[in-house]
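All remarks here apply to the structure that follows.
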Amino acid sequence: MHATDTDAAAQARLAAAARALVGHLDLEGVIEVLLDAGRRLSGAGYAALGILSERGDALDRFVTLGIDDETSAAIGALPHGGGVLGELIGATAPLRLAELGSHPSSCGFPPGHPPMRTFLGVPIRIRGVDWGSLYLTEKAGGAEFDAGDEEMIAALAEWAAIAVENARLYEGLSRRRNEVELKRDQAESSARALAVMTDIARSVGGETDVDRILGLIVDRGRSLVQARALLIMLAEGEELVMAATAGELEADLRGVRIPIAGTRPGEVLRSGRAERLGDGEGAAGQLAGLGVAAEAAIVVPLTFRGTSSGVLLAFDREAEGPRFGVEDERLLRSFAASAATAVATARSVEAERLRHSLEAAEQERKHWARELHDETLQALGGLRMLHAAALREDAGSAEVRRALAEGAELIDAEIDNLSALIAELRPAALDEIGLVPALRTLAERKGREGGLRIEVSADLQDGGERLPAETENVIYRLVQEALNNVVKHAGATRAEAVLRRVGNVVEVSVADDGRGFDPAATSGGFGLTGMRERVELAAGTLRIESGGDRGTKISASIPMAVAGPHRPRSPLSST
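If you count the sequence shown from 1, you need to add 337 to reach this note's numbering.
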(Lines of atoms letter the chains of each structure in order from A and count residues from 1; the text may use other names and numbers.)
(Lines give C-alpha, C1' and ligand atoms only; values in the text may rest on other atoms or scores of the structure.)
Protein backbone atom coordinates (compact mmCIF):
# COMPACT_ATOMS: atom_id res chain seq x y z
CA MET A 1 0.00 0.00 0.00
CA HIS A 2 1.36 3.43 -0.93
CA ALA A 3 2.10 6.06 1.73
CA THR A 4 -0.65 8.28 0.31
CA ASP A 5 -3.17 5.43 0.68
CA THR A 6 -2.05 4.83 4.27
CA ASP A 7 -2.27 8.56 5.06
CA ALA A 8 -5.72 8.76 3.50
CA ALA A 9 -6.93 5.76 5.52
CA ALA A 10 -5.54 7.26 8.74
CA GLN A 11 -7.19 10.63 8.01
CA ALA A 12 -10.47 8.82 7.30
CA ARG A 13 -10.29 7.07 10.69
CA LEU A 14 -9.51 10.38 12.38
CA ALA A 15 -12.42 12.04 10.57
CA ALA A 16 -14.78 9.26 11.71
CA ALA A 17 -13.58 9.66 15.29
CA ALA A 18 -14.06 13.45 15.08
CA ARG A 19 -17.65 12.99 13.87
CA ALA A 20 -18.34 10.55 16.69
CA LEU A 21 -16.90 12.93 19.30
CA VAL A 22 -18.81 16.01 18.23
CA GLY A 23 -21.95 13.92 17.80
CA HIS A 24 -22.23 13.63 21.61
CA LEU A 25 -23.52 16.45 23.75
CA ASP A 26 -23.01 14.66 27.07
CA LEU A 27 -19.58 14.45 28.69
CA GLU A 28 -19.77 10.73 29.49
CA GLY A 29 -20.47 9.92 25.84
CA VAL A 30 -17.52 12.07 24.76
CA ILE A 31 -15.21 10.29 27.24
CA GLU A 32 -16.30 6.84 26.06
CA VAL A 33 -15.75 7.71 22.38
CA LEU A 34 -12.41 9.41 23.10
CA LEU A 35 -10.93 6.41 24.92
CA ASP A 36 -12.08 3.96 22.27
CA ALA A 37 -10.89 6.16 19.39
CA GLY A 38 -7.51 6.83 21.04
CA ARG A 39 -6.87 3.12 21.49
CA ARG A 40 -7.97 2.19 17.94
CA LEU A 41 -6.13 5.03 16.15
CA SER A 42 -2.82 4.35 17.94
CA GLY A 43 -2.99 0.56 18.28
CA ALA A 44 -2.59 0.86 22.06
CA GLY A 45 -3.57 -1.96 24.41
CA TYR A 46 -4.67 0.40 27.16
CA ALA A 47 -6.18 3.89 27.22
CA ALA A 48 -6.92 6.22 30.11
CA LEU A 49 -8.24 9.74 30.57
CA GLY A 50 -7.17 11.92 33.48
CA ILE A 51 -9.42 14.92 34.21
CA LEU A 52 -7.94 17.73 36.31
CA SER A 53 -9.46 19.19 39.44
CA GLU A 54 -10.74 22.76 39.48
CA ARG A 55 -7.41 23.94 40.83
CA GLY A 56 -5.68 22.19 37.93
CA ASP A 57 -2.82 20.75 40.02
CA ALA A 58 -4.00 17.12 40.35
CA LEU A 59 -6.25 14.53 38.74
CA ASP A 60 -9.82 14.64 40.00
CA ARG A 61 -11.00 11.73 37.87
CA PHE A 62 -9.28 8.80 36.11
CA VAL A 63 -11.17 6.68 33.54
CA THR A 64 -9.60 3.59 31.91
CA LEU A 65 -10.25 1.30 28.97
CA GLY A 66 -8.62 -2.12 28.54
CA ILE A 67 -8.33 -3.07 32.24
CA ASP A 68 -11.06 -5.45 33.44
CA ASP A 69 -12.98 -5.01 36.70
CA GLU A 70 -11.07 -7.75 38.53
CA THR A 71 -7.67 -6.24 37.68
CA SER A 72 -8.92 -2.77 38.51
CA ALA A 73 -10.08 -3.96 41.93
CA ALA A 74 -6.69 -5.57 42.55
CA ILE A 75 -4.84 -2.36 41.70
CA GLY A 76 -6.82 -0.37 44.25
CA ALA A 77 -6.76 3.42 44.41
CA LEU A 78 -6.58 5.30 41.12
CA PRO A 79 -3.70 7.72 40.44
CA HIS A 80 -3.98 11.43 41.22
CA GLY A 81 -1.24 12.74 38.94
CA GLY A 82 2.03 11.54 40.41
CA GLY A 83 4.93 10.00 38.50
CA VAL A 84 5.01 10.17 34.71
CA LEU A 85 1.32 11.10 34.57
CA GLY A 86 2.13 14.29 36.45
CA GLU A 87 4.55 15.34 33.68
CA LEU A 88 1.54 16.17 31.51
CA ILE A 89 -0.16 18.44 34.07
CA GLY A 90 0.45 21.94 32.73
CA ALA A 91 2.24 20.60 29.63
CA THR A 92 1.48 21.93 26.15
CA ALA A 93 3.19 19.18 24.13
CA PRO A 94 2.75 15.38 23.98
CA LEU A 95 5.07 12.99 25.83
CA ARG A 96 6.19 9.84 23.98
CA LEU A 97 8.35 7.17 25.68
CA ALA A 98 9.85 3.95 24.38
CA GLU A 99 10.41 2.69 27.94
CA LEU A 100 8.00 4.02 30.56
CA GLY A 101 10.03 2.73 33.49
CA SER A 102 13.19 4.53 32.39
CA HIS A 103 11.72 8.04 32.78
CA PRO A 104 13.15 9.93 35.78
CA SER A 105 9.66 10.58 37.16
CA SER A 106 8.59 6.93 36.96
CA CYS A 107 7.57 5.54 40.36
CA GLY A 108 6.67 2.01 39.27
CA PHE A 109 3.31 0.23 39.34
CA PRO A 110 1.20 -1.04 42.27
CA PRO A 111 0.81 -4.82 42.83
CA GLY A 112 -1.55 -6.43 40.33
CA HIS A 113 -1.00 -3.73 37.69
CA PRO A 114 -0.48 -5.11 34.16
CA PRO A 115 3.00 -4.50 32.70
CA MET A 116 3.28 -1.37 30.53
CA ARG A 117 6.37 -0.35 28.56
CA THR A 118 5.60 2.04 25.67
CA PHE A 119 3.71 5.27 26.46
CA LEU A 120 2.08 8.19 24.67
CA GLY A 121 0.45 11.02 26.61
CA VAL A 122 -1.29 14.05 25.07
CA PRO A 123 -2.64 17.06 27.03
CA ILE A 124 -6.17 18.28 26.31
CA ARG A 125 -6.52 22.05 26.54
CA ILE A 126 -9.74 24.03 26.14
CA ARG A 127 -9.23 27.67 25.09
CA GLY A 128 -5.65 27.51 26.38
CA VAL A 129 -6.63 26.06 29.80
CA ASP A 130 -5.59 22.55 30.93
CA TRP A 131 -8.55 20.18 31.17
CA GLY A 132 -6.92 16.76 31.30
CA SER A 133 -4.75 14.29 29.42
CA LEU A 134 -5.19 11.18 27.26
CA TYR A 135 -2.75 8.35 28.10
CA LEU A 136 -2.03 5.37 25.81
CA THR A 137 0.24 2.41 26.58
CA GLU A 138 1.45 -0.89 25.15
CA LYS A 139 1.23 -0.51 21.37
CA ALA A 140 0.29 -3.73 19.60
CA GLY A 141 3.10 -6.12 18.69
CA GLY A 142 5.54 -4.59 21.14
CA ALA A 143 6.19 -1.69 18.76
CA GLU A 144 6.91 1.87 19.88
CA PHE A 145 4.55 4.76 19.33
CA ASP A 146 5.92 6.88 16.46
CA ALA A 147 5.61 10.48 15.29
CA GLY A 148 2.59 9.56 13.18
CA ASP A 149 0.79 8.22 16.25
CA GLU A 150 1.69 11.41 18.15
CA GLU A 151 0.35 13.68 15.41
CA MET A 152 -2.85 11.63 15.05
CA ILE A 153 -3.60 11.59 18.80
CA ALA A 154 -2.75 15.30 19.12
CA ALA A 155 -5.35 16.03 16.42
CA LEU A 156 -7.83 13.76 18.22
CA ALA A 157 -7.20 15.76 21.41
CA GLU A 158 -8.08 18.99 19.57
CA TRP A 159 -11.41 17.51 18.49
CA ALA A 160 -11.96 16.17 22.02
CA ALA A 161 -11.49 19.70 23.41
CA ILE A 162 -14.19 20.97 21.05
CA ALA A 163 -16.51 18.10 21.98
CA VAL A 164 -15.96 18.66 25.71
CA GLU A 165 -16.62 22.38 25.33
CA ASN A 166 -19.80 21.64 23.37
CA ALA A 167 -20.89 19.23 26.10
CA ARG A 168 -20.18 21.89 28.72
CA LEU A 169 -22.17 24.45 26.76
CA TYR A 170 -25.05 22.02 26.43
CA GLU A 171 -24.98 21.13 30.11
CA GLY A 172 -24.88 24.80 31.03
CA LEU A 173 -27.77 25.54 28.72
CA SER A 174 -29.85 22.72 30.17
CA ARG A 175 -29.19 23.99 33.66
CA ARG A 176 -29.78 27.67 32.92
CA ARG A 177 -32.88 27.06 30.80
CA ASN A 178 -34.88 26.38 33.96
CA GLU A 179 -33.42 29.17 36.11
CA VAL A 180 -34.88 32.60 35.42
CA GLU A 181 -37.06 34.12 32.75
CA LEU A 182 -34.68 37.05 32.20
CA LYS A 183 -31.99 34.76 30.72
CA ARG A 184 -34.28 33.10 28.18
CA ASP A 185 -33.00 35.09 25.18
CA GLN A 186 -29.37 34.34 25.92
CA ALA A 187 -30.15 30.64 26.42
CA GLU A 188 -31.95 30.49 23.08
CA SER A 189 -29.09 32.18 21.24
CA SER A 190 -26.59 29.83 22.88
CA ALA A 191 -28.71 26.85 21.88
CA ARG A 192 -28.68 28.14 18.29
CA ALA A 193 -24.91 28.58 18.51
CA LEU A 194 -24.47 25.05 19.80
CA ALA A 195 -26.63 23.67 16.99
CA VAL A 196 -24.64 25.57 14.37
CA MET A 197 -21.27 24.60 15.90
CA THR A 198 -22.31 20.94 16.13
CA ASP A 199 -23.55 21.15 12.54
CA ILE A 200 -20.28 22.63 11.28
CA ALA A 201 -18.25 20.10 13.26
CA ARG A 202 -20.28 17.19 11.88
CA SER A 203 -20.19 18.60 8.35
CA VAL A 204 -16.46 19.21 8.21
CA GLY A 205 -15.40 16.33 10.44
CA GLY A 206 -15.41 14.02 7.42
CA GLU A 207 -14.51 16.64 4.81
CA THR A 208 -10.93 17.36 3.72
CA ASP A 209 -11.49 19.67 0.73
CA VAL A 210 -10.41 23.12 1.88
CA ASP A 211 -12.67 25.10 -0.46
CA ARG A 212 -15.79 23.16 0.57
CA ILE A 213 -14.93 23.56 4.26
CA LEU A 214 -14.44 27.31 3.82
CA GLY A 215 -17.82 27.53 2.08
CA LEU A 216 -19.52 25.66 4.93
CA ILE A 217 -17.86 27.92 7.52
CA VAL A 218 -18.97 31.22 5.98
CA ASP A 219 -22.52 29.94 5.41
CA ARG A 220 -22.97 28.58 8.95
CA GLY A 221 -21.17 31.52 10.59
CA ARG A 222 -23.35 34.05 8.81
CA SER A 223 -26.48 32.20 9.97
CA LEU A 224 -25.17 31.99 13.54
CA VAL A 225 -24.87 35.76 14.09
CA GLN A 226 -27.52 36.75 11.50
CA ALA A 227 -25.03 38.86 9.55
CA ARG A 228 -25.62 40.48 6.17
CA ALA A 229 -22.30 39.04 5.02
CA LEU A 230 -19.48 36.98 6.44
CA LEU A 231 -15.93 36.62 5.08
CA ILE A 232 -12.96 34.42 5.89
CA MET A 233 -9.41 35.64 5.25
CA LEU A 234 -6.37 33.37 5.60
CA ALA A 235 -2.80 34.46 6.33
CA GLU A 236 -0.35 34.05 3.47
CA GLY A 237 3.09 35.43 4.19
CA GLU A 238 2.72 39.09 5.16
CA GLU A 239 -0.81 39.36 3.74
CA LEU A 240 -4.37 38.26 4.45
CA VAL A 241 -6.11 36.72 1.43
CA MET A 242 -9.88 36.54 0.96
CA ALA A 243 -10.63 32.81 0.87
CA ALA A 244 -14.47 32.60 0.97
CA THR A 245 -17.52 34.85 1.29
CA ALA A 246 -21.22 34.48 1.99
CA GLY A 247 -24.11 36.94 1.88
CA GLU A 248 -24.72 40.31 0.28
CA LEU A 249 -21.58 42.01 -1.00
CA GLU A 250 -21.01 44.81 -3.48
CA ALA A 251 -18.46 42.76 -5.47
CA ASP A 252 -16.73 39.40 -5.64
CA LEU A 253 -13.94 39.83 -3.09
CA ARG A 254 -12.34 36.37 -3.38
CA GLY A 255 -8.61 36.68 -3.91
CA VAL A 256 -8.44 40.25 -2.52
CA ARG A 257 -5.26 40.79 -0.51
CA ILE A 258 -4.55 43.23 2.30
CA PRO A 259 -1.35 43.62 4.34
CA ILE A 260 -1.29 42.22 7.86
CA ALA A 261 0.71 45.17 9.12
CA GLY A 262 -1.31 48.34 9.71
CA THR A 263 -4.80 46.86 9.23
CA ARG A 264 -7.50 46.00 11.78
CA PRO A 265 -7.86 42.38 10.58
CA GLY A 266 -4.07 42.10 10.81
CA GLU A 267 -4.13 43.43 14.38
CA VAL A 268 -6.76 40.85 15.34
CA LEU A 269 -4.69 38.11 13.71
CA ARG A 270 -1.54 39.09 15.60
CA SER A 271 -3.18 39.77 18.98
CA GLY A 272 -5.54 36.79 18.91
CA ARG A 273 -8.31 39.01 20.35
CA ALA A 274 -11.69 39.62 18.70
CA GLU A 275 -12.91 43.17 18.02
CA ARG A 276 -16.33 44.72 17.43
CA LEU A 277 -16.26 47.69 15.07
CA GLY A 278 -18.79 50.34 14.17
CA ASP A 279 -18.46 53.29 16.51
CA GLY A 280 -17.47 56.70 15.16
CA GLU A 281 -16.39 56.38 11.52
CA GLY A 282 -18.16 53.05 11.04
CA ALA A 283 -16.84 49.64 10.04
CA ALA A 284 -16.14 50.63 6.43
CA GLY A 285 -13.65 53.29 7.51
CA GLN A 286 -12.00 50.96 10.01
CA LEU A 287 -11.66 48.23 7.39
CA ALA A 288 -10.37 50.34 4.52
CA GLY A 289 -9.00 48.23 1.72
CA LEU A 290 -11.69 45.57 1.77
CA GLY A 291 -14.21 47.55 -0.24
CA VAL A 292 -17.16 46.59 1.97
CA ALA A 293 -19.81 49.22 2.74
CA ALA A 294 -20.82 48.36 6.31
CA GLU A 295 -21.90 50.12 9.48
CA ALA A 296 -20.79 47.44 11.93
CA ALA A 297 -18.53 44.40 12.01
CA ILE A 298 -17.00 41.71 14.21
CA VAL A 299 -13.47 40.48 13.47
CA VAL A 300 -12.55 37.18 15.15
CA PRO A 301 -9.24 35.28 14.87
CA LEU A 302 -9.06 31.67 13.67
CA THR A 303 -6.70 30.16 16.24
CA PHE A 304 -5.45 26.56 16.18
CA ARG A 305 -2.91 25.27 18.73
CA GLY A 306 -2.06 28.79 19.80
CA THR A 307 -1.40 30.12 16.29
CA SER A 308 -3.78 32.36 14.35
CA SER A 309 -4.14 31.31 10.70
CA GLY A 310 -6.77 33.82 9.60
CA VAL A 311 -9.80 35.87 10.61
CA LEU A 312 -13.60 35.78 10.31
CA LEU A 313 -15.34 39.07 9.51
CA ALA A 314 -19.10 39.46 10.00
CA PHE A 315 -20.84 42.61 8.68
CA ASP A 316 -24.12 44.32 9.74
CA ARG A 317 -26.48 42.30 11.90
CA GLU A 318 -29.74 41.87 9.95
CA ALA A 319 -32.02 41.51 12.99
CA GLU A 320 -32.40 44.34 15.53
CA GLY A 321 -30.11 46.83 13.86
CA PRO A 322 -26.67 46.63 12.26
CA ARG A 323 -24.55 46.58 15.41
CA PHE A 324 -23.42 43.34 17.04
CA GLY A 325 -23.54 42.74 20.78
CA VAL A 326 -21.34 40.99 23.31
CA GLU A 327 -23.32 37.78 22.87
CA ASP A 328 -22.75 37.83 19.09
CA GLU A 329 -19.02 38.18 19.68
CA ARG A 330 -19.03 35.30 22.14
CA LEU A 331 -20.93 33.07 19.72
CA LEU A 332 -18.63 33.88 16.82
CA ARG A 333 -15.52 33.27 18.95
CA SER A 334 -16.82 29.82 19.96
CA PHE A 335 -17.70 29.08 16.37
CA ALA A 336 -14.23 30.20 15.20
CA ALA A 337 -12.57 27.62 17.48
CA SER A 338 -14.34 24.78 15.64
CA ALA A 339 -13.77 26.43 12.27
CA ALA A 340 -10.03 26.87 12.90
CA THR A 341 -9.58 23.21 13.79
CA ALA A 342 -11.49 22.13 10.68
CA VAL A 343 -9.47 24.42 8.40
CA ALA A 344 -6.16 23.33 9.94
CA THR A 345 -7.05 19.63 9.55
CA ALA A 346 -8.07 20.08 5.91
CA ARG A 347 -5.02 22.21 5.08
CA SER A 348 -2.79 19.58 6.66
CA VAL A 349 -4.32 16.88 4.45
CA GLU A 350 -4.05 19.14 1.39
CA ALA A 351 -0.42 19.96 2.17
CA GLU A 352 0.41 16.26 2.52
CA ARG A 353 -1.20 15.51 -0.83
CA LEU A 354 0.72 18.37 -2.45
CA ARG A 355 3.96 17.22 -0.82
CA HIS A 356 3.53 13.71 -2.23
CA SER A 357 2.64 15.16 -5.63
CA LEU A 358 5.76 17.37 -5.72
CA GLU A 359 7.95 14.51 -4.55
CA ALA A 360 6.52 12.24 -7.26
CA ALA A 361 7.04 14.95 -9.89
CA GLU A 362 10.65 15.44 -8.75
CA GLN A 363 11.30 11.72 -8.98
CA GLU A 364 9.76 11.66 -12.47
CA ARG A 365 12.01 14.59 -13.48
CA LYS A 366 15.06 12.67 -12.25
CA HIS A 367 13.96 9.56 -14.13
CA TRP A 368 13.47 11.33 -17.45
CA ALA A 369 16.66 13.36 -17.08
CA ARG A 370 18.59 10.13 -16.50
CA GLU A 371 16.89 8.33 -19.41
CA LEU A 372 17.45 11.21 -21.82
CA HIS A 373 21.08 11.55 -20.76
CA ASP A 374 21.96 7.84 -20.77
CA GLU A 375 20.02 6.87 -23.89
CA THR A 376 19.01 9.68 -26.24
CA LEU A 377 21.93 12.06 -25.62
CA GLN A 378 24.46 9.24 -25.90
CA ALA A 379 22.86 8.06 -29.14
CA LEU A 380 23.03 11.57 -30.62
CA GLY A 381 26.67 11.78 -29.56
CA GLY A 382 27.42 8.52 -31.36
CA LEU A 383 25.63 9.75 -34.46
CA ARG A 384 27.66 12.97 -34.37
CA MET A 385 30.88 10.95 -34.24
CA LEU A 386 29.78 8.97 -37.32
CA HIS A 387 29.13 12.23 -39.20
CA ALA A 388 32.54 13.55 -38.17
CA ALA A 389 34.23 10.36 -39.36
CA ALA A 390 32.40 10.54 -42.70
CA LEU A 391 33.47 14.14 -43.20
CA ARG A 392 37.11 13.21 -42.67
CA GLU A 393 36.92 10.76 -45.58
CA ASP A 394 37.88 12.10 -49.00
CA ALA A 395 35.33 9.99 -50.90
CA GLY A 396 31.99 11.44 -51.88
CA SER A 397 30.75 14.33 -53.93
CA ALA A 398 30.59 17.91 -52.72
CA GLU A 399 26.83 17.57 -52.34
CA VAL A 400 27.22 14.57 -50.04
CA ARG A 401 29.85 16.35 -47.97
CA ARG A 402 27.62 19.44 -47.72
CA ALA A 403 24.67 17.30 -46.62
CA LEU A 404 26.85 15.57 -44.00
CA ALA A 405 28.04 18.94 -42.67
CA GLU A 406 24.46 20.24 -42.44
CA GLY A 407 23.41 17.04 -40.68
CA ALA A 408 26.26 17.45 -38.20
CA GLU A 409 25.14 21.01 -37.47
CA LEU A 410 21.57 19.83 -36.85
CA ILE A 411 22.81 17.09 -34.55
CA ASP A 412 24.93 19.62 -32.62
CA ALA A 413 21.88 21.87 -32.24
CA GLU A 414 19.72 18.99 -31.02
CA ILE A 415 22.44 17.92 -28.55
CA ASP A 416 22.46 21.49 -27.15
CA ASN A 417 18.63 21.55 -26.96
CA LEU A 418 18.52 18.16 -25.28
CA SER A 419 21.24 19.14 -22.79
CA ALA A 420 19.22 22.24 -21.87
CA LEU A 421 16.08 20.14 -21.43
CA ILE A 422 17.93 17.68 -19.18
CA ALA A 423 19.22 20.57 -17.07
CA GLU A 424 15.66 21.95 -16.77
CA LEU A 425 14.35 18.56 -15.61
CA ARG A 426 17.07 17.91 -13.03
CA PRO A 427 20.45 19.68 -13.12
CA ALA A 428 23.28 17.29 -12.36
CA ALA A 429 25.16 20.10 -10.60
CA LEU A 430 22.45 20.33 -7.91
CA ASP A 431 23.07 16.72 -6.85
CA GLU A 432 26.80 16.60 -7.49
CA ILE A 433 28.37 19.90 -6.45
CA GLY A 434 25.68 21.96 -4.77
CA LEU A 435 23.02 24.62 -4.92
CA VAL A 436 25.09 27.71 -5.74
CA PRO A 437 27.00 26.20 -8.72
CA ALA A 438 23.71 24.79 -10.03
CA LEU A 439 22.09 28.24 -9.79
CA ARG A 440 25.02 29.88 -11.58
CA THR A 441 24.75 27.34 -14.38
CA LEU A 442 21.00 28.01 -14.55
CA ALA A 443 21.58 31.78 -14.63
CA GLU A 444 24.12 31.44 -17.45
CA ARG A 445 21.73 29.31 -19.50
CA LYS A 446 18.73 31.57 -18.90
CA GLY A 447 20.83 34.64 -19.65
CA ARG A 448 21.78 33.25 -23.06
CA GLU A 449 18.16 32.24 -23.69
CA GLY A 450 16.74 35.69 -22.82
CA GLY A 451 19.61 37.87 -23.96
CA LEU A 452 20.19 39.45 -20.54
CA ARG A 453 22.77 39.45 -17.78
CA ILE A 454 21.89 37.37 -14.69
CA GLU A 455 24.08 37.44 -11.60
CA VAL A 456 23.99 35.04 -8.64
CA SER A 457 25.46 36.01 -5.27
CA ALA A 458 25.36 33.87 -2.14
CA ASP A 459 26.44 34.16 1.48
CA LEU A 460 25.34 30.93 3.13
CA GLN A 461 27.92 31.00 5.97
CA ASP A 462 27.71 27.23 6.19
CA GLY A 463 31.24 26.27 7.15
CA GLY A 464 31.52 23.76 4.31
CA GLU A 465 28.23 21.93 4.96
CA ARG A 466 25.58 21.57 2.29
CA LEU A 467 22.06 22.75 3.02
CA PRO A 468 19.51 19.96 3.56
CA ALA A 469 18.53 18.38 0.23
CA GLU A 470 14.87 19.39 0.65
CA THR A 471 15.83 23.01 1.27
CA GLU A 472 18.17 23.12 -1.72
CA ASN A 473 15.47 21.70 -3.97
CA VAL A 474 12.88 24.28 -2.84
CA ILE A 475 15.31 27.16 -3.40
CA TYR A 476 16.43 25.89 -6.81
CA ARG A 477 12.88 25.43 -8.11
CA LEU A 478 11.85 28.86 -6.76
CA VAL A 479 14.74 30.64 -8.50
CA GLN A 480 14.20 28.58 -11.65
CA GLU A 481 10.53 29.60 -11.91
CA ALA A 482 11.36 33.24 -11.14
CA LEU A 483 14.03 33.37 -13.88
CA ASN A 484 11.65 31.64 -16.32
CA ASN A 485 9.22 34.51 -15.69
CA VAL A 486 11.97 37.10 -16.25
CA VAL A 487 12.93 35.55 -19.59
CA LYS A 488 9.35 35.01 -20.81
CA HIS A 489 7.53 38.11 -19.57
CA ALA A 490 9.76 40.88 -18.19
CA GLY A 491 11.76 42.10 -21.20
CA ALA A 492 14.56 42.80 -18.72
CA THR A 493 18.22 43.60 -19.44
CA ARG A 494 19.48 42.52 -16.03
CA ALA A 495 18.44 40.21 -13.19
CA GLU A 496 20.00 39.14 -9.91
CA ALA A 497 19.45 36.19 -7.57
CA VAL A 498 20.67 36.66 -4.00
CA LEU A 499 20.94 33.99 -1.28
CA ARG A 500 21.73 34.80 2.34
CA ARG A 501 21.61 32.55 5.36
CA VAL A 502 20.42 34.08 8.66
CA GLY A 503 20.56 31.49 11.42
CA ASN A 504 18.44 28.55 10.28
CA VAL A 505 16.63 30.57 7.60
CA VAL A 506 17.74 31.15 4.01
CA GLU A 507 16.65 34.50 2.54
CA VAL A 508 16.21 34.29 -1.25
CA SER A 509 15.43 37.11 -3.67
CA VAL A 510 15.21 37.37 -7.46
CA ALA A 511 14.95 40.90 -8.92
CA ASP A 512 14.87 42.25 -12.49
CA ASP A 513 14.70 45.64 -14.21
CA GLY A 514 11.95 44.72 -16.70
CA ARG A 515 8.19 45.23 -16.95
CA GLY A 516 6.24 44.68 -13.77
CA PHE A 517 2.77 43.21 -13.26
CA ASP A 518 -0.03 43.19 -10.71
CA PRO A 519 0.47 40.06 -8.53
CA ALA A 520 -3.09 40.23 -7.17
CA ALA A 521 -4.61 40.31 -10.66
CA THR A 522 -2.45 37.54 -12.14
CA SER A 523 -4.17 34.15 -12.06
CA GLY A 524 -1.91 32.13 -14.32
CA GLY A 525 1.08 32.11 -16.65
CA PHE A 526 3.55 33.36 -14.04
CA GLY A 527 3.81 30.21 -11.87
CA LEU A 528 2.99 32.20 -8.71
CA THR A 529 0.72 29.50 -7.30
CA GLY A 530 3.44 26.89 -7.64
CA MET A 531 5.97 29.19 -5.97
CA ARG A 532 3.63 29.89 -3.04
CA GLU A 533 2.82 26.19 -2.61
CA ARG A 534 6.48 25.16 -2.52
CA VAL A 535 7.41 27.92 -0.06
CA GLU A 536 4.40 27.26 2.20
CA LEU A 537 5.18 23.52 2.29
CA ALA A 538 8.67 24.47 3.50
CA ALA A 539 7.02 26.59 6.26
CA GLY A 540 8.40 29.72 4.61
CA THR A 541 6.98 33.04 3.46
CA LEU A 542 6.86 34.59 -0.01
CA ARG A 543 6.61 38.26 -0.98
CA ILE A 544 6.12 39.67 -4.48
CA GLU A 545 6.80 43.32 -5.29
CA SER A 546 5.97 44.39 -8.84
CA GLY A 547 4.21 46.95 -10.95
CA GLY A 548 4.71 49.43 -13.76
CA ASP A 549 8.27 49.99 -14.95
CA ARG A 550 10.00 49.26 -11.66
CA GLY A 551 10.53 45.58 -12.43
CA THR A 552 9.75 42.67 -10.15
CA LYS A 553 11.29 41.37 -6.93
CA ILE A 554 10.37 37.99 -5.49
CA SER A 555 11.58 37.42 -1.92
CA ALA A 556 11.28 34.27 0.19
CA SER A 557 12.30 33.25 3.69
CA ILE A 558 12.81 29.50 3.81
CA PRO A 559 13.57 27.68 7.09
CA MET A 560 16.14 24.94 6.74
CA ALA A 561 14.48 21.52 6.78
CA VAL A 562 14.77 19.79 10.13
CA ALA A 563 14.33 16.37 8.57
CA GLY A 564 15.52 14.73 5.41
CA PRO A 565 18.96 13.95 4.02
CA HIS A 566 21.85 16.36 4.54
CA ARG A 567 24.37 15.94 1.75
CA PRO A 568 28.08 16.58 2.40
CA ARG A 569 29.46 19.47 0.38
CA SER A 570 31.67 18.51 -2.54
CA PRO A 571 35.16 20.01 -2.56
CA LEU A 572 34.21 21.59 -5.92
CA SER A 573 31.38 23.62 -4.42
CA SER A 574 31.87 27.29 -3.61
CA THR A 575 29.90 30.41 -2.82
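Here a beta-carbon is modelled for each residue, glycine too, at the ideal position from N, C-alpha and C.
- In this structure, the CA atom of R565 is about 30 Å from the CA atom of A504.
- In the same chain as T878, and ignoring 5 residues on each side of it, the C-beta atoms closer than 8 Å to its own belong to G574, E575, V872, A893, S894, in chain order.
- In the DSSP assignment, T808 falls within the unbroken alpha helix (DSSP H) covering 806-822.
- Non-local C-beta neighbours of R887 in its own chain, meaning closer than 8 Å and more than five positions away in sequence, comprise G853, ordered along the chain.
- Put simply, of R601, P659, T866, Q348 the residue whose alpha carbon is nearest the alpha carbon of E488 is Q348.
- Cα atoms of R591 and I569: separation of roughly 9 Å, rounded to the nearest angstrom.
- Relative to P602, the option among G584, T582, V578 whose CA is nearest is V578.
- T640 is classed as buried because its beta carbon has at least 16 other beta carbons within 10 Å across all chains shown.
- The residues E833, K890, in chain order, have a CB closer than 6 Å to that of A848 in the same chain once the five nearest residues on each side in sequence are set aside.
- For E495, the number of other beta carbons within 10 angstroms of its own is at least 16, and it is reported as buried.
- For a cut-off of 8 Å, the C-beta gap from A875 to V811 is around 5 Å, short enough to register as a contact.
- When the alpha-carbon of E792 is set against those of N821, Y813, V835, the nearest one is in V835.
- In this model, E481 and A414 are separated by some 28 Å (Cα to Cα).
- By the criterion of a C-beta distance shorter than 6 Å, E844 is surrounded in its chain by R837, S894, once the five residues flanking it on both sides are discounted.
- The alpha-carbon of R814 is positioned some 23 Å away from that of G884.
- Per the DSSP secondary-structure output, F652 pairs in a beta bridge with A566, A634.
- Taking a cut-off of 8 Å for Cβ pairs, the stretch 499-513 and the stretch 425-432 do not touch, as fewer than three such pairs fall below it.
- At least 8 Å separates the beta-carbon of V663 from that of L650.
- DSSP places T866 in the uninterrupted alpha helix (DSSP H) bounded by 865-874.
- By the neighbour-count criterion, in which 16 or more other beta carbons inside 10 Å mark a residue as buried, R654 falls on the buried side.
- Under DSSP, K890 shares a beta bridge with A848, E882.
- When the Cα atoms are used, G609 and S646 turn out to be separated by approximately 10 Å.
- By the neighbour-count definition (other C-beta atoms within 10 Å, threshold 16), G445 is an exposed residue.
- Taking all protein chains shown into account, V773 has 16 or more neighbouring C-beta atoms within 10 Å of its C-beta and is therefore buried.
- The Cβ-Cβ distance between L358 and A491 does not fall below 8 Å.
- In this structure, V562 is the residue among R594, V562, P638 with its C-alpha nearest to the C-alpha of R660.
- One Cα belongs to D406, the other to A384, and the distance between them is close to 15 Å.
- Here Q817 is buried, its C-beta having at least 16 other C-beta atoms within 10 Å.
- Comparing alpha carbon positions, the residue from P896, G828, H826, N822 closest to G867 is N822.
- D373: member of the alpha helix (DSSP H) spanning 364-379, first to last residue.
- Taking the Cβ atoms as the reference, L422 lies roughly 6 Å from P416, within the contact range of under 8 Å.
- The stretch 397-441 contains, as complete alpha helix (DSSP H) runs of 4+ residues, the segments 406-412 (chain order).
- Between L571 and A583, the gap from beta carbon to beta carbon reaches 8 Å or more.
- Rounded to the nearest angstrom, the gap between the Cα atoms of G469 and R642 is 16 Å.
- Annotation for D796: the continuous beta strand (DSSP E) segment containing it runs 790-796.
- Residue nearest to S379 within the set V547, G485, V839 is G485 (criterion: CA-CA distance).
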